[in-house]
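J.:
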Amino acid sequence: MSVSVGDQLIAVLPRLRRFARGLTGSAVEADDLVQAACERALTRAHQFQEGTRFDSWMFRILQTIWIDQLRARDIRREEAEEEGAHVGTDEPGRRAEARLALQEVRTALKQLPPEQRAALLLVTVDGLSYKEAAEVADVPVGTIMSRLARARVALQARLEAGGGLRRSTQDAEAE
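Residue 227 is where the sequence shown starts when you use the numbering used here, and the numbers rise one by one after that.
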């Protein structure tokens, strides 16, 4: 007896949400993206091929919807709303610094080209192999490797250029 599409969908939801959050940079947009992907998967469940990876199918659906949304935004010239850093003043200093660092990484991640961002998220955040990520992105493995390498270099350069938290904490420690 095979597992139903609904059961498989429920099992992959946390990973889909994490991937969507990484792509969009916004919890609200991520939730909308996951909902759209789930709806599409349920209405097109007959297109899923037994014997293939359900999670890869879902990642591809989600990524396709996201790319379609980006293209629609470009056509309409809409600007995505930035999610601001919400740092509570009542939290310990280390927690505030961690949130600032995370926001710095998210901001740098948003600046990457969509293909590089997707490759980085699939491999480093979701833990897919290069081959699995290539299947999701529907590109050769070498392309994933190249996008991932460029994404890592670009992300590191942006974080170093931003300076932000790391420099300020080093300066504070030196004083």
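Idealized CB from N, CA, C, for every residue including glycine.
#1: I'd like to check one pair, residue 347 with residue 248: are the Cβ atoms closer than 8 Å?
#2: Check whether the Cβ atoms of residue 241 and residue 256 sit closer than 8 Å, and answer yes or no.
#3: Can you grab the Cα-Cα spacing for the pair residue 343 / residue 235, in whole Å?
#4: Assuming the contact rule is C-beta atoms closer than 8 Å, residue 299 and residue 345 should be a hit. Round their C-beta distance to whole Å, please.
#5: According to DSSP, simplified to helix, strand and coil, what is residue 364?
#6: Can you give the Cα-Cα distance for residue 301 and residue 294, rounded to whole angstroms?
#7: Does the count of Cβ pairs from the stretch 320-334 and the stretch 378-386 closer than 8 Å reach three?
#8: Which runs of the alpha helix (DSSP H) at least 4 residues long sit entirely within the stretch 229-253? Give them in chain order.
#9: Check this for me: beta carbons of residue 259 and residue 291, under 8 Å apart or not?
T.: Once the coordinates are examined:
#1: The count along the sequence shown starts at 1 and reaches residue 248 at position 22. The count along the sequence shown starts at 1 and reaches residue 347 at position 121. Result yes, Cβ atoms of residue 248 and residue 347 sit closer than 8 Å.
#2: Taking the sequence shown and counting its residues from 1, the one referred to as residue 241 is at position 15. Taking the sequence shown and counting its residues from 1, the one referred to as residue 256 is at position 30. Contact: no.
#3: For this step, residue 343 is matched to residue 117 along the sequence shown. For this step, residue 235 is matched to residue 9 along the sequence shown. Their backbone Cα atoms lie some 24 Å apart in a straight line.
#4: In the sequence shown, counting from the first residue as 1, residue 299 sits at position 73. In the sequence shown, counting from the first residue as 1, residue 345 sits at position 119. About 21 Å; that fails the 8 Å criterion.
#5: Translated into the one-based positions of the sequence shown, residue 364 becomes position 138. Note: residue 364 maps to coil in three-state DSSP.
#6: Here residue 301 corresponds to residue number 75 of the sequence shown, with the count starting at 1. Here residue 294 corresponds to residue number 68 of the sequence shown, with the count starting at 1. Rounded to the nearest angstrom, the two C-alpha atoms are 11 Å apart.
#7: yes
#8: 231-250
#9: As a working note, residue 259 is residue 33 in the sequence shown. As a working note, residue 291 is residue 65 in the sequence shown. Their beta carbons are under 8 Å apart, which means residue 259 touches residue 291 by this criterion.
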